[in-house]
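Please read the structure below before turning to the comments.
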């Protein structure tokens, strides 16, 4: 049976068919749907872990425990999970262990454009890269086999266009995988220097064996056509090449680490001009050049952003695309915005009013850096806001600190903000930290987390009490406040930044997109009462429109959260029909 | 029809993903190879979103480049203008006459472009309608996507039965009746 599937959905199907029974992940675009789909299979225990490091450790435990396990993350998540990755490379596995990593060339939804292929080389772990949904499923199943055959974790790398493209997939039966025996083996699983030195020898042997294997397995294949032009490529770039250069001979690499050196050398012999087409860094190119093979790659193609069939045709074949310019008037850009009713809006209104320095973090609230809020000064990585604010205080002193706050979401705080907070307390900092508790992981599309009280499968569970947690690490000033109570919120922020001790403000209000959040009635601006002071524009709500002559509320967008009524000094905003 | 390069453009939250899922199912039912490329994550928060749908004998790249779209379904007028250069020379465009102001317009920095549909009609095959109004008359503003698919079905001449089957499979049962009505309205709009 054929079914249309997202690449991510096909990965989940592949794991299911391979008999995988444990899955752990932290959500991150473009990888999130892998684990959301894994959770739909009753046979697979699935969890949202607090962060990617824990997720990988859970998967490693399941593997040592004899099960086939899978762990998924976005590219930057692999940085968080890098610590266990480099050592599980040494220990190897018991049940097959597959690590999914989704890169985001073009940065559709990311803070950097790192090329995770280098992790495979650095950690000495094999890496596969599929180019459509069918291969997503097939390669994941293959990855489990390679993992067990070579006693190694296997990374499968995706990119946004593979993760988020649907194509047809042939559905197969589930394999009946038997849990392997649990064997105590300190020499293999306890990585102390003496054991690790011996295991490193095994790692090198394994990589040599995998190099041979790479030349022979079906993951790498030649499609011989023209003897003039040959292209070495992988992943989504393969699809672009096939469309742009239908007559070129192609060496499609599915096992991208270790690369099939012998196959590459043989292929190079068969064509006059050899290109390597890869997104981001010259990962293949550098290795091929090292083999002494002349190849054209990054001298023609950028290391930045995504490729496309048109870019390849233009850069490699010199084809010019004549496109008509229809519009001669400027087209306004449409950046993403915080939704109408978003709880973060009340907070940003106050932070901007108080002209504070804001150390930001990763989540929907990062949008607060854009006009009209323009209230975030920094955004580095998950959980960084607290450490960054602490560093600013240590560099610039108390006066600066009293104009500075750190902000981060509930899920981000649990991911890696809590360690920053412990640092502040331990090292006598006085930062003010705002935890934006909106009862869900928002930006990635509503995943449960340890603060929500539900598991990935929607089962009720213990809920982290943020207030108690902050108090337990030594924060004595913890205040819970509703960001839509703007006056109270401002009062609290003013008091806490003045205090000569660390403090946490829990800004608590659920995400407006949660089903149980109900507002009543849409608002409208009374043109008689409105003095055009434009205070309501300062909250940056997409439903309030400045028409120049007057201001109005877009009834199709307004959800009736009434935040605007709280900043209007003239009571000019009222419920429709009143 | 041997192939179709289609672009669905709109604003995050308008239901473009469901429309593309239905179209993918339609393509499979017609025994085409198909690829649908979506945008998830950050752009979904009220930003400009685009989905590519490609049918054909064999589809490689999931993307549609400038000058390559046989058909564009624009869920919003400004997005129609933003993406029009993706049409082939004789490509067609379905435009929902809805205006959603982007942030630079909301804060009064720039004006929302005027006369978009009439300008585009001078140079392209444009089929416009107020799908939001039609959808709300059917019972839910959320059925804008299905109204537009109705228009598309008529324009492309794809068998209506196939569309109805796909909608039956993809749309949740409790909202199926309104959506079937919305499809019918769209189908009969540009006779």
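Protein chains in written order, with this note's numbering: chain A, 36 to 613; chain B, -5 to 185. Heads up, the beta-carbon is just placed ideally off N, CA and C, and yes, glycines get one too.
So, does the CB of residue i fall closer than 8 Å to a CB anywhere in chain B?
| i | result |
| --- | --- |
| residue 373 of chain A | yes |
| residue 572 of chain A | yes |
| residue 143 of chain A | yes |
| residue 199 of chain A | yes |
| residue 138 of chain A | no |
| residue 196 of chain A | yes |
| residue 474 of chain A | no |
Using C-beta distances below 7 Å, list every residue in its chain close to residue i, excluding the 5 sequence neighbours before and after it, in chain order.
| i | result |
| --- | --- |
| residue 40 of chain A | 48, 168, 201 and 204 |
| residue 138 of chain B | 8, 9, 69, 90, 125, 126 and 129 |
| residue 300 of chain A | 326 and 328 |
| residue 68 of chain A | 41, 43 and 44 |
| residue 413 of chain A | 394, 395 and 423 |
Output needed for residue i: all residues of its chain with C-beta closer than 8 Å, excluding positions within five of it in sequence on either side, in chain order.
| i | result |
| --- | --- |
| residue 62 of chain B | -1, 80 and 82 |
| residue 428 of chain A | 435, 436, 439, 464, 465 and 466 |
| residue 189 of chain A | 131, 132, 133, 134, 160, 161, 162, 163, 178, 179, 181 and 182 |
| residue 78 of chain A | 51, 56 and 209 |
| residue 173 of chain A | 49 and 165 |
| residue 56 of chain B | 29, 30, 31, 46 and 48 |
| residue 385 of chain A | 518, 521, 524, 525 and 528 |
Using a C-beta to C-beta distance shorter than 8 Å, which residues of chain A count as neighbours of residue i?
| i | result |
| --- | --- |
| residue 194 of chain B | In the structure as shown, chain B starts at -5 and stops at 185, and residue 194 of chain B therefore has no counterpart that could be examined. |
| residue 215 of chain B | Beyond the ends of chain B as shown, which are -5 and 185, falls residue 215 of chain B; an answer cannot be given. |
| residue 28 of chain B | 39, 201, 202 and 203 |
Please report whether the beta-carbon of residue i lies at a distance below 8 Å from any beta-carbon of chain A.
| i | result |
| --- | --- |
| residue 117 of chain B | yes |
| residue 107 of chain B | yes |
| residue 122 of chain B | no |
| residue 31 of chain B | yes |
| residue 149 of chain B | no |
| residue 112 of chain B | no |
| residue 145 of chain B | no |
| residue 1 of chain B | no |
Which residues in chain B sit within 8 Å of residue i, going by Cβ to Cβ distance?
| i | result |
| --- | --- |
| residue 585 of chain A | The contacting residues do not exist; residue 585 of chain A stays about 11 Å from chain B at best. |
| residue 278 of chain A | 54 and 55 |
| residue 580 of chain A | 95, 99 and 100 |
Which residues of chain A have a Cβ atom closer than 7 Å to the Cβ of residue i, listed in chain order?
| i | result |
| --- | --- |
| residue 6 of chain B | 371 |
| residue 158 of chain B | Within chain A, no residue comes near residue 158 of chain B; the closest Cβ sits about 18 Å away, beyond 7 Å. |
For residue i, go through chain B and note every residue whose CB falls closer than 7 Å to its CB, in chain order.
| i | result |
| --- | --- |
| residue 275 of chain A | 55 |
Name the chain B residues whose beta carbon is nearer than 9 Å to that of residue i?
| i | result |
| --- | --- |
| residue 577 of chain A | 40, 94, 95, 96, 97 and 100 |
So which residues on chain A does residue i lean against when the C-beta distance must stay under 9 Å?
| i | result |
| --- | --- |
| residue 22 of chain B | 37, 38, 39 and 203 |
Closer than 6 Å by C-beta to residue i: which residues in its own chain qualify, once you throw out the five before and the five after it? Chain order, please.
| i | result |
| --- | --- |
| residue 565 of chain A | 607 |
| residue 348 of chain A | 279 and 354 |
| residue 555 of chain A | 595 |
What residue ranges within the segment 172 to 258 of chain A form continuous alpha helix (DSSP H) runs of no fewer than 4 residues, ordered along the chain?
195 to 198, 221 to 224 and 228 to 251
Which runs of the beta strand (DSSP E) at least 3 residues long sit entirely within the segment 67 to 127 of chain B? Give them in chain order.
81 to 90 and 119 to 123
In chain order, which continuous runs of the beta strand (DSSP E) of length 3 or greater are located wholly inside the segment 308 to 375 of chain A?
308 to 312
Could you name the residues of the segment 166 to 178 of chain A whose beta carbon sits closer than 8 Å to any beta carbon of chain B, in the order they occur along the chain?
167
The segment 340 to 369 of chain A: which residues have C-beta closer than 8 Å to a C-beta of chain B, in chain order?
343, 344, 345, 356, 357, 358, 359, 360, 361, 362, 364, 365, 366, 367, 368 and 369
The segment 71 to 104 of chain B: positions lying closer than 9 Å to chain A by Cβ:
72, 73, 75, 76, 78, 79, 80, 81, 83, 92, 94, 95, 96, 97, 98, 99, 100, 101, 102, 103 and 104
Residues in the segment 406 to 428 of chain A with C-beta within 7 Å of chain B's C-beta atoms, listed in sequence order?
406 and 407
Could you tell me which whole alpha helix (DSSP H) segments of length 4 or greater appear in the segment 446 to 506 of chain A?
453 to 461
At 4 residues or longer, what runs of the alpha helix (DSSP H) sit wholly inside the segment 406 to 430 of chain A?
none
Runs of alpha helix (DSSP H) wholly within the segment 110 to 164 of chain A (minimum 4 residues, chain order)
110 to 115, 117 to 126 and 152 to 158
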